[in-house]
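These notes concern the structure reproduced below.
Structure below.
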C-alpha cells in the first residue's frame, strides 16, 4: 500500500514541476478560444499512452522495461532504448538550463546562471547517490508534505482576481476551429509536460511493485492542475494579455495581494515548491539514464557513473547561451518525444501481449 502511494505521489509531483512555466505559454499560443480542448486532447493522449505502457508491463511479473527487452532480444533492447536514452539526455539538459533561466528571471537576478545550474544538478545527484530509487520515492512523500500545502494555498489565493467572462466562448462559433491548435507547433511543444514524467514507471525495480490503479486515480489530480495552469492566467488577465507574457501563470500569481500575510510576495513559496518538484524530476531522469547506461556497462561504481553524467550534462548546459536556444532544443526534441510517447509503450505492449499468449498456450 505504501509503495503504491509513494509511486503515485512522485508521479504527481514530477508533473507539477513541469506544468506551470512553459506549458501555459504553449497552450495559450496554440489557440485563441476553447483552451480546454488542447488540454483535454493532450491529456487523453497521456492517459492512453500510460494505459498501454502499464498494460504491457503488467504482462510481465516483477520485471522492468530494461529486463523485459534484454531478455527478449538484446538488439531489440538497444534499438528501442537508445532513442529513449537520447530523449532523457536532452530532457535533463533542457530542464536544468530552462529552470536556471527562470529562477534567474523571477527570483535571483544577480546569481550567475552556472551557479543555479550547479544547484539544480548537484542536489539531485546527491539524492540518487545516497539511496537510489527507494530514497527518491521516500523523498517524494517528504516533498509533498512540505511543499504541497503552500502551493495549494497560492493557487487558491489566485482566484481572487478571476473573471469567468474571459473563459468564453467555451466552444468556437465555427466548430471547425475547435481543433485548430493541432496545426500549431507550440501545441506539440506543450506535450513536453506530459511526456517527461511517465517513463520512470517502467524502470521501477521488481522489489517496488505498484498497482496501476493508483496511477489511474492520480490522473484526476493531474488533469485539474493542467486546466488551472492555463485558465488561471486567462481568467485573470484575459486571453490577449496572457498571450503576450513569457510565463503567464507566474505573472498572475505575482499579482496576488493578501494584506494579513507578512510576506510581500507569496510567489516565492510557489516557486520554491516548483523547484523542489523539478529537482525530484531531474533526479528521476538521472536515475533512468544511469539504468540505461548500466545495460552495457555494469561494473562502474555508482559514484563515478553519476558524477560523469552530471559533468557531461553541466558542460552541455554551459554551451546553451540564450533562451531561444532552449526553445530550439525543445523543438528538436519533439520527434524523440513522439517516439517515447508512441513507440516505446506500443513495443512494450506488443512484446508483453505475445509473452502472455505464449504463457497461456503452454
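In this note's numbering, the protein residues as written are 23 to 384. Where a beta carbon is used, it is the ideal one built from N, C-alpha and C, also for glycine.
C-beta contact flag for residue i and residue j at 8 Å
i           : j           : result
residue 348 : residue 46  : no
residue 332 : residue 143 : yes
residue 372 : residue 224 : no
residue 108 : residue 358 : yes
residue 150 : residue 158 : yes
residue 363 : residue 139 : no
residue 169 : residue 330 : no
residue 203 : residue 41  : no
residue 201 : residue 59  : yes
residue 80  : residue 234 : yes
residue 237 : residue 74  : no
Residue i, buried or exposed, once every other Cβ within 10 Å from all chains shown has been counted against 16
i           : result
residue 268 : exposed
residue 153 : exposed
residue 120 : buried
residue 319 : exposed
residue 82  : buried
residue 137 : exposed
residue 355 : buried
residue 314 : buried
residue 182 : exposed
residue 289 : buried
residue 250 : buried
residue 197 : exposed
residue 232 : buried
residue 148 : exposed
residue 274 : buried
residue 43  : buried
residue 133 : exposed
residue 70  : exposed
residue 117 : buried
residue 193 : exposed
residue 337 : exposed
residue 61  : buried
Chain-order list of residues whose beta-carbon lies under 8 Å from that of residue i (same chain, five-residue window excluded)
i           : result
residue 102 : 91, 365, 366 and 369
residue 191 : 55 and 56
residue 114 : 304, 307, 308, 311 and 335
residue 227 : 86 and 155
residue 342 : 115, 119, 348 and 351
residue 184 : 254, 257 and 258
residue 165 : 35, 298, 299 and 302
residue 385 : Since the first and last residues shown for the chain are 23 and 384, residue 385 lies out of range.
residue 293 : 125, 128, 129 and 272
residue 67  : 213, 216 and 363
residue 160 : 28 and 153
residue 287 : 276
residue 239 : 30
residue 186 : 257
residue 353 : 207 and 211
Same chain only: Cβ atoms within 7 Å of residue i, ignoring 5 sequence neighbours per side
i           : result
residue 111 : 311
residue 105 : 358 and 361
residue 64  : 212, 213 and 216
residue 173 : 292 and 295
residue 377 : 81 and 82
residue 188 : 256, 257, 260 and 261
residue 280 : 179 and 288
residue 383 : none
Close-in-space but distant-in-sequence residues of the same chain around residue i (CB under 6 Å, 5 per side omitted)
i           : result
residue 345 : 123
residue 145 : 301
residue 94  : 373
residue 270 : 46, 255 and 264
residue 84  : 228
Residue i CB to nearest heavy atom of the ligand ADP below 7 Å
i          : result
residue 59 : As far as ligands go, the structure on display features none, and thus does not contain the ligand ADP.
Residue i at chain D interface by Cβ criterion, 8 Å
i           : result
residue 146 : This model lacks chain D altogether; it includes just one protein chain.
Minimum length 4: unbroken alpha helix (DSSP H) runs contained in the segment 155-229: 207-212 and 214-217
Using 8 Å as the threshold, is the segment 238-245 in touch with the segment 259-274, meaning 3 or more CB pairs across them? no
Does the pairing of the segment 213-229 with the segment 30-41 give three or more beta-carbon distances under 8 Å? yes
Continuous alpha helix (DSSP H) assignments of at least 4 residues falling wholly in the segment 330-360: 345-360
Tell me, please, whether the segment 168-183 touches the segment 315-326 by the rule of three or more beta-carbon pairs shorter than 8 Å. no
Runs of 3 residues minimum, wholly inside the segment 254-301: which ones carry the beta strand (DSSP E) assignment? none
How do the segment 206-213 and the segment 51-71 stand: do at least 3 beta-carbon pairs fall below 8 Å, yes or no? yes
Which runs of the alpha helix (DSSP H) at least 4 residues long sit entirely within the segment 87-126? Give them in chain order. 87-94
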